[in-house]
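Below you'll find the structure, written out as structure tokens, and then a few comments.
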Amino acid sequence: MKCYIDAGNTRIKWQVGVKAQTQQQSWPQTAATLAAWVASLKPAGGGVIERFIIASVVPQDRQAQLAQALATQYPDVMVQWIVSRARCCGVQFAYADVTQFGVDRFCALAAARQRLPRQDLIVVNAGTAVTLDYLKADGRHDGGVIMPSLAAMTAGLNQLAPHLAPFWQQKPEMATGGSGSGRRLATNTAGALQLGSRWMLASALAQIIEALSEHTEPQSKQQRPPQILVSGGGASELLPLLNPTAISAPDLVLEGIRLAARQPQPAGLSQAAKKTEKATKELPSKDNSD
């Protein structure tokens, strides 16, 4: 049985077996808690893990810690690290230097293409950062944007203006009387901060999506406008800010990990993967099983 791991900067999501329920938690803060989490990775119905398949966007030192914890607890189990590449799963990626393209975005686009193979797609991934990528119906990735998430905006403002930090936890108060803009404004600092950050992110995403939709104006009645898919740990927080036609796909990265793992792996490892090769067994071969 395989264990699929989406190792983000803030949270870890995993699935032991393709039919198992997805689980998630915050990144363990110490070596002991990381080791305890690794030891807890057991199939729900019994059996053993035969392979770990991981997509990781964390810094190299944290990736090496994860690799070492896995090697210590499961010394005979293969570990396959997914890396971004120029072409995969019917997608041709736009980055000239694909090593700069986050493997979470890589996996999300591969899964989106698998879900809706003949439609223009806008894929939003809401994690520590919010990313938006445009994927054409023919599989060509046109590029994307990266912006701060609500959590990142909160952390950044708190660092620059620490006296505002307590207000994020307080109850917001919104204007209830009047009409028009009055109903969209706050009447205390907590509300102003929380509402302002949401308006900023919602406005940025709305403008980008509108511009892309206009750029891909349907040329015929049969051609549909781009479908929006929203993934990541912050998907539920973003969905109310987006077009109501947006589809929630919270586990899109994990879906992409499974798809990418079945493809022939690149001959060379990324620099991040090389850092962990000593602690784990690298699997370069094609994997068609689940």
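Residue 260 in the numbering used here sits at position 209 of the sequence shown; the count goes up by one each step and never skips. For glycine and all other residues, C-beta sits at the position ideal for the given N, C-alpha and C. Here the structure is a predicted model, which is why all the values come from computation and not from measurement.
For LEU293 and TYR125, the gap between their C-alpha atoms comes out near 43 Å.
Closest in C-alpha terms to ASP302, from the list PRO291, GLY207 and ALA106, comes ALA106. Every unbroken stretch of the alpha helix (DSSP H) spanning 4 or more residues and falling wholly within the region 113-177 is given here in chain order: 154-166. In terms of Cα proximity to VAL89, the closest of THR123, LEU208 and ALA255 is THR123. ALA253 and GLU261 have their C-alpha atoms spaced approximately 12 Å apart. DSSP, reduced to helix, strand and coil, places GLN74 within a strand of the structure shown.
Of the residues SER248, GLU288, ARG136 and CYS54, the one whose Cα lies closest to the Cα of ALA177 is GLU288. Per DSSP, ALA257 has no beta-bridge partner at all. Cβ atoms of MET129 and GLY98 stay farther apart than 8 Å, at about 16 Å. In the structure shown, ALA188 adopts coil according to DSSP, grouped into three states. Following the DSSP letters along the chain, one finds GLN66 inside the beta strand (DSSP E) bounded by residues 62-67. PRO291 counts as exposed, since fewer than 16 other C-beta atoms from the protein chains shown sit within 10 angstroms of its C-beta. Burial of LEU183 is indicated by the presence of at least 16 other C-beta atoms within 10 angstroms of its C-beta.
In this structure, GLN314 lies away from CYS54, with their beta-carbon atoms at least 8 Å apart. For LEU280, the enclosing beta strand (DSSP E) begins and ends at 278-282. In the displayed model, GLY194 falls within a strand according to three-state DSSP.
In the structure shown, ILE308 falls within a helical segment according to DSSP collapsed to helix, strand and coil. For VAL149 and ARG138, the gap between their C-alpha atoms comes out near 10 Å. With contacts defined as CB atoms closer than 8 Å, GLN76 and ILE104 fail to qualify as a contacting pair. Following the DSSP letters along the chain, one finds SER107 in no alpha helix (DSSP H) but inside the beta strand (DSSP E) bounded by residues 102-107. At the C-beta level, PRO94 and VAL67 come within 8 Å of one another. Straight through space, the alpha carbons of CYS158 and ALA257 are spaced by roughly 24 Å.
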